Amino acid sequence: MALSLFRFTLSSSALLAASTAVAEVPKVVTDIAPVHALVSQVMGDLGQPDLLVDPGNSPHHYSLRPSQALALEHADMVVWIGEPLTPWLHEPLETLAEGATHLELLEADGTIQHNFRETVVFGGGAHDDHEGHGHDDHADHDKHDDHDDHGHKDHDDHGHEKHDDHEGHDHDSHKEHDHDEHAHNDHAEGHDDHHDHDHDGVDPHAWLDPENGRIWLDVIAGQLSALDPENAATYRANADAGKAELAEVIAQVHAQLEPVEGKPFVVFHDAYQYFETRFHLQALGAIRVGDATDPSPARIAEIQEAVRDANVACAFSEPQFSPRLIQTVFDGLDVNVAALDPLGADQPEGAARYAGIIKSVADEIAGCLN
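Numbered according to mature numbering (1 follows the signal peptide of the UniProt record, and there is no 0), the sequence shown spans residues -23 to -1, 1 to 347.
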């Protein structure tokens, strides 16, 4: 009798443990702070995602810490922008998080995409031909024919080119910010073999269009619901609340920036065309290309000449990078320098950070151009 009771108790405990395991909220890892904020919005009080790239660092060139590698090993789901933003993350996802669901937001259905700009001086302002389209609708992009598996772990067979221009570079030789603890070699700006390499394909800075943020809230809620059906209603409600808030932010920023539409400015690196397009702004050019590669002397000279010709009064640095380069470029020119932070280094961690990033970028642009 005692043995039977022991067996019953053991079986009951095992069933309870299995039930608890099934009901656990998924462990989620995110690449950058804006994505972390969107996932935090959807998860709400149910859980907290992990963040790989601190917002004080550039995501283009980064080295994982051991604790972050461990987080990937234990992840049920990894949410990232995609390989064009963080080419160094592809291999860890395949080796450390091979069993997790991989959600690549840049490839999510409905995502608004723009190609990298290939000229030093832009001069085109907002790109109305892209406005409001999902990525399937852009004839000038590489075709993304296979979208059925973007919420799953295997992304090796996307129907687009693999962005080889990102993978062939020695990222350690790029001049980065002054954060030695992240194992970025701090070489001087001047390696000719890395200046202004060919840069094409999809621009990955898509989170700076808050309409993409609204789209991705739905996508994230859908994937979390698939992994955790018991909490699907909560994920859905949280996503809807986040979408409503972002709709208000978009309307507010449109009104705020309307007086400065068409006024030219220069950005530190070509990361802002999604924001420019959404809010009808006109950047004249960027000192660095979209992956923040060091500019060549010829590129710097072209930017300086364009600034003089257009009477540009405003240029923007970024807290993720040393200010020395922008000080050098605009030395002797009557240009105000302010800071844009596309990653929200000064924003509080959590769900509010995403909207905070959009509003902060708008505030800095409006303040400088006004």
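Ideal Cβ positions, reconstructed from N, Cα and C, are used throughout, including at glycine.
These numbers come from a predicted model, not from an experiment.
Please classify L185 as buried or exposed, where buried requires at least 16 neighbouring CB atoms within 10 angstroms.
With 16 or more Cβ atoms within 10 Å of its Cβ, L185 is classed as buried.
Decide if P319 is buried, meaning its Cβ has at least 16 other Cβ atoms within 10 Å, or exposed.
Burial call: buried.
Start and end of the alpha helix (DSSP H) containing W65?
Segment: none, W65 is in no alpha helix (DSSP H) and carries neither H nor E.
In terms of alpha-carbon separation, which member of N347, G33, D31 lies closest to V289?
It is N347.
Identify the residues that DSSP records as bridge partners of R265: which are they?
The partner list for R265 (beta bridge, DSSP) reads H246.
What are the boundary residues of the alpha helix (DSSP H) that H231 is part of?
Taken as a continuous stretch (DSSP letters only), the alpha helix (DSSP H) holding H231 covers 209 to 234.
What is the rounded straight-line gap between the Cα of E235 and the Cα of A339?
When rounded, the distance between both Cα atoms is 11 Å.
So the beta strand (DSSP E) A292 belongs to, where does it begin and stop?
291 to 294 is the extent of the beta strand (DSSP E) around A292.
Please report the straight-line C-alpha distance between A14 and H257, rounded to a whole angstrom.
Rounded to the nearest angstrom, the two C-alpha atoms are 25 Å apart.
Do you know offhand how far P26's Cα is from L223's?
Computed Cα separation, rounded: 21 Å.
So, for L29: in the same chain, excluding its five sequence neighbours on each side, which residues have a beta-carbon less than 6 Å away from its beta-carbon?
Counting only Cβ-Cβ distances below 6 Å, and skipping sequence neighbours, we find D8, Q45.
What residue from C345, S294, G262 has the CA that sits closest to F99's CA?
Nearest C-alpha to F99: G262.
Among residues of its own chain, excluding the 5 on either side of I335, which ones have a beta-carbon nearer than 6 Å to its beta-carbon?
Correct list, in chain order: P187, V226.
Starting from V19, trace the alpha helix (DSSP H) in both directions and tell me its first and last residue.
Segment 10 to 20, the alpha helix (DSSP H) holding V19.
Reducing DSSP to helix, strand and coil, say where L258 ends up.
Of the three classes helix, strand and coil, the one that applies to L258 here is coil, per DSSP.
With distances taken between CB atoms, is the gap from L82 to V56 smaller than 8 Å?
In this structure, V56 lies closer than 8 Å to L82 by Cβ.
Let me confirm a value: E158 is counted as buried when at least 16 other C-beta atoms fall within 10 Å, else exposed. Which label applies?
Summary for E158: the model assigns pLDDT 36, below 50, so the residue's position carries little reliability; its value from the coordinates is reported in the next sentence. Burial call: exposed.
What distance in whole Å lies between the Cβ atoms of A316 and S294, which are believed to be in contact at a cut-off of 8 Å?
With a Cβ gap of about 5 Å, S294 and A316 count as contacting.
What would DSSP say about E238, mapped onto helix, strand or coil?
It is coil, neither helix nor strand.
Please state whether the Cβ-Cβ distance between residue 358 and I264 is less than 8 Å.
The displayed coordinates of the chain run from -23 to 347. Any statement about residue 358 would go beyond what the structure contains.
What are the boundary residues of the beta strand (DSSP E) that A315 is part of?
313 to 316 is the extent of the beta strand (DSSP E) around A315.
Can you list, in chain order, the residues of its chain whose CB lies under 8 Å from that of D53, leaving out five sequence neighbours each side?
Within the same chain, D53 has close Cβ partners P3, K4, V5, A77, T78, L204.
Are V179 and L80 close, meaning C-beta to C-beta below 8 Å?
Contact: no.
Could you spell out where the beta strand (DSSP E) holding V55 opens and where it closes?
V55 -> beta strand (DSSP E) spans 54 to 57.
Span of the alpha helix (DSSP H) holding V306?
V306 -> alpha helix (DSSP H) spans 301 to 306.
Taking A343 and Q233 to be in contact with their CB atoms under 8 Å, please state how far apart those CB atoms are, rounded to whole angstroms.
Rounded, the Cβ-Cβ distance is 5 Å, consistent with contact.
Taking E75 as part of the beta strand (DSSP E), name the residues at either end of that continuous run.
Element bounds for E75: n/a, residue is neither H nor E.
List the residues that DSSP assigns as beta-bridge partners of N92.
DSSP, once it has assigned bridges, lists V179 as partnering N92.
Is it right to say L66 is buried, meaning 16 or more other beta carbons lie within 10 angstroms of its own, or is it exposed?
Per the 10 Å Cβ criterion, buried.
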